[in-house]
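One structure below.
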Amino acid sequence: MNSLERIVETLNFSRPDRVPVIAQVFGHAASVAGVPLNEYVRDGQLLARCQLEALSRYGYDAVFSMMDASVEAEAAGCELTYREGQYPAVSRHALAAGGDWDALEVPDPGSAGRMPEMLKALQLMRRELDGEVLVVGCVMGPFTLAAQLLGMEALLFLSVDDPAGLEQLLGYATAVVTRFGREQIAAGAHLPIVFDPASSPAVIPPDFFRAQVLPFLSRVFGDFKAAGAAANWLHVAGPAAPVLPDFTDAGVDIANFDYYINADEAARLLPRVCLNGNIKSVAFVEAGAGEIGQKAGALLEAFDSRGGFMLSSGCEIPPESRPENVAALVRAARAGS
Amino acid sequence: MTNPRIKNLIAALLKGDCPESVAQSRKLIEGGAAPEEIVVGGVEAAMTALDSKCTLEQFNLLEIMLAGRAVTEVMKDLFPDGEKLPSVKGKILVASLEGDIHDLGKNILKMVLTGKGYAVVDCGKDCPLEKLIDTAGMEQPAAVAVSGLITPVIPLVRQVRPQLGQRGLARVKVLAGGAALKQSSAAQLNVDYVAESAFDILHYLDGSMEAQR
């Protein structure tokens, strides 16, 4: 059974040969290849090479064309700060509250910012791994992108001061995300994962999420399915338990859950949705391989009778993680078969 | 504060209604209340009520930021041109360290601490360690609070306490919070306390100040 078949079986709540292991390795692939992170996030060919080398080294079940969280924001006009050894981050927002947002243009993924490089990475990895390993693209959730375009504080105030403006901005962000995601699928992604950290209940109340954010996420996932996505995958960071049950309505097939939520609770809240998680990201930097193996073992045991589980971290495995910890994660999944 | 109108101010602050909060504060002044009374009986009371609402399960930035914005407007109205604020409990330095240009968590902390009577010195985001330590030397704070959203700042966080010690500031508490830092323990970060939220920092400081009395 290859990685792709294993994941499809898991999505169907069937019994694969072993639990798939999805290490959320993005910039860590550059670290283990000795490639500077600020080069990795700008060069699709380099990204693909590092991802393939990391796949070969660790032997997990999916590769990611994920540069950083600011690709769409940059393409839509934000200025980023690039620093050696770090992911770029937004240093100037593209929009200001009270501005005229009627004429905003949706970036063309074929030419805007680093979008073409991400597409190139997907093409290369799909060509190399076709039919064997899951090739994952990545987009930000509309609310997270809106927060980058306007600034988080301004966006939160906008939601109260100008609800119509919020709706307009989320509509624009949705258009950016869906266009980029469709192009990723066309370029070779089996699916784009949607990262939406700003939609966490740590940031916005669950009622706000349901009323203001979920409809746009539903639109994104409907669009991705129509474009041929193999499944819809959502990550909302932090203490997301109050909104997990709502994922089903949005068309989510795979939910990444963070370390705040224990395995039993996640399974209870999403009984028929495939789950992946949830080892603490920082543990891959600070803990030892024994601890990672122990935590992974506990997760495998917790989901043994349920199925529909992919062993993973709760969020990204940080670039500076210890390689032996990533190896321990993979080893646990293989030993659990 | 026994003025029944203070309840209207507290309600407006908790709703995050800026114009109403300022209007209620002005009514209190017109009725003879002193600005200091409004801060203690209204602003601090509202922050206490918000604190009790914000459990781990029901914590969200939106509510806190809306209340924080209203608090800021009322304070500006009561103490224009940066007049000295009353009943300062202690001075706290806040910063996002070099390499981290996210400052939302730091700004939330600033609002919460200011609303509860602390004087906050903001060293900003992307703050070099040297600047933080120099500022601590000048300001002599009770504590330094660092917020971190990204893991690469962890090595810098670990250096804060020893560097304060080298400047004779070992008595200054070092506190940490934010999405990346709160995944680690105080021992791992070499700090006195790791907070889950801004209110956790507040509780720690209040307890610390109480213990020193």
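Chains as they are written, first to last, in this note's numbering: chain A, 1 to 337; chain B, 338 to 550. C-beta atoms are modelled at their ideal positions from N, C-alpha and C, and glycine is treated no differently. Note that the structure is predicted; figures quoted are calculated from it, not measured.
Given residue i as reference, the closest of the options once Cα atoms are compared
| i | options | result |
| --- | --- | --- |
| residue 232 of chain A | A/285, A/280, A/109, A/178 | A/178 |
| residue 362 of chain B | B/498, B/413, B/426, B/534 | B/413 |
| residue 316 of chain A | A/221, A/250, A/194 | A/194 |
| residue 445 of chain B | B/492, B/373, B/399 | B/399 |
| residue 183 of chain A | A/291, A/96, A/108, A/18 | A/108 |
| residue 95 of chain A | A/79, A/110, A/88, A/86 | A/79 |
| residue 137 of chain A | A/63, A/273, A/154 | A/63 |
| residue 409 of chain B | B/545, B/383, B/462 | B/383 |
| residue 288 of chain A | A/83, A/326, A/265, A/277 | A/326 |
| residue 129 of chain A | A/59, A/93, A/242 | A/59 |
| residue 435 of chain B | B/388, B/368, B/523, B/470 | B/470 |
| residue 511 of chain B | B/517, B/345, B/484, B/489 | B/484 |
| residue 187 of chain A | A/135, A/37, A/278, A/210 | A/135 |
| residue 438 of chain B | B/351, B/430, B/460, B/456 | B/460 |
| residue 21 of chain A | A/27, A/29, A/7, A/224 | A/7 |
| residue 157 of chain A | B/404, B/467, B/530, B/481 | B/404 |
| residue 486 of chain B | A/87, A/164, A/132 | A/87 |
| residue 56 of chain A | A/262, A/237, A/330 | A/330 |
| residue 39 of chain A | A/119, A/25, A/85 | A/85 |
| residue 302 of chain A | A/335, A/282, A/319, A/267 | A/267 |
| residue 219 of chain A | A/201, A/209, A/238, A/175 | A/175 |
Proximity test, Cβ basis, 7 Å: residue i and chain A
| i | result |
| --- | --- |
| residue 397 of chain B | yes |
| residue 539 of chain B | no |
| residue 384 of chain B | no |
| residue 472 of chain B | no |
| residue 412 of chain B | no |
| residue 489 of chain B | yes |
| residue 448 of chain B | no |
| residue 496 of chain B | no |
| residue 438 of chain B | yes |
| residue 525 of chain B | yes |
| residue 521 of chain B | yes |
| residue 402 of chain B | yes |
| residue 441 of chain B | yes |
Contact with chain B by residue i, beta-carbon distance below 7 Å
| i | result |
| --- | --- |
| residue 279 of chain A | no |
| residue 286 of chain A | yes |
| residue 152 of chain A | yes |
| residue 30 of chain A | no |
| residue 204 of chain A | yes |
| residue 156 of chain A | yes |
| residue 24 of chain A | no |
| residue 86 of chain A | yes |
| residue 142 of chain A | no |
| residue 252 of chain A | no |
| residue 324 of chain A | no |
| residue 41 of chain A | no |
| residue 289 of chain A | no |
| residue 136 of chain A | no |
| residue 198 of chain A | no |
| residue 282 of chain A | yes |
| residue 89 of chain A | yes |
Exposure label - residue i; buried when at least 16 CB within 10 Å
| i | result |
| --- | --- |
| residue 102 of chain A | exposed |
| residue 16 of chain A | buried |
| residue 212 of chain A | buried |
| residue 499 of chain B | exposed |
| residue 199 of chain A | buried |
| residue 425 of chain B | exposed |
| residue 286 of chain A | buried |
| residue 100 of chain A | exposed |
| residue 207 of chain A | exposed |
| residue 549 of chain B | exposed |
| residue 12 of chain A | exposed |
Residue i beta carbon near the ligand GDP (any heavy atom closer than 6 Å)
| i | result |
| --- | --- |
| residue 301 of chain A | Within the structure as shown, the ligand GDP is missing, as the structure has no ligands at all. |
Under 8 Å by beta carbon: chain C residues contacting residue i
| i | result |
| --- | --- |
| residue 320 of chain A | Any reference to chain C falls outside this structure, whose protein chains are A and B. |
* To do: Write down every uninterrupted run of the beta strand (DSSP E) in the stretch 368–410 of chain B whose length is 3 residues or greater and which is fully enclosed by it, in chain order.
  => none
* Given 8 Å, three or more beta-carbon pairs between the stretch 129–147 of chain A and the stretch 160–175 of chain A -> yes
* To do: Ignoring anything shorter than 3 residues or poking outside the stretch 176–220 of chain A, list the beta strand (DSSP E) runs there in chain order.
  => 191–195
* **Segment contact, 8 Å Cβ cut-off, at least three pairs: the stretch 319–333 of chain A with the stretch 375–382 of chain B** => no
* alpha helix (DSSP H) runs wholly inside the stretch 230–284 of chain A, at least 4 long, in chain order -> 263–269
* To do: Would you check if there are 3 or more beta carbon pairs closer than 8 Å linking the stretch 533–540 of chain B to the stretch 487–503 of chain B?
  => no
* Unbroken beta strand (DSSP E) runs of length 3 or more, entirely within the stretch 502–537 of chain B: which are they? -> 510–514
* To do: Indicate whether the contact test is met: 3 or more Cβ pairs, each with one atom in the stretch 150–170 of chain A and one in the stretch 225–245 of chain A, closer than 8 Å.
  => no
* To do: Take every Cβ of the stretch 251–259 of chain A, pair it with every Cβ of the stretch 271–282 of chain A, and state whether three or more of those distances are shorter than 8 Å.
  => yes
* How about the stretch 508–524 of chain B and the stretch 474–482 of chain B: do they share at least three Cβ pairs that are nearer than 8 Å? -> yes
* Asked: Hey, which unbroken runs of the alpha helix (DSSP H) at 4 residues or more fall wholly within the stretch 87–154 of chain A?
  -> 115–129, 142–150
* Any alpha helix (DSSP H) of 4 or more consecutive residues that is wholly inside the stretch 418–457 of chain B -> 441–452
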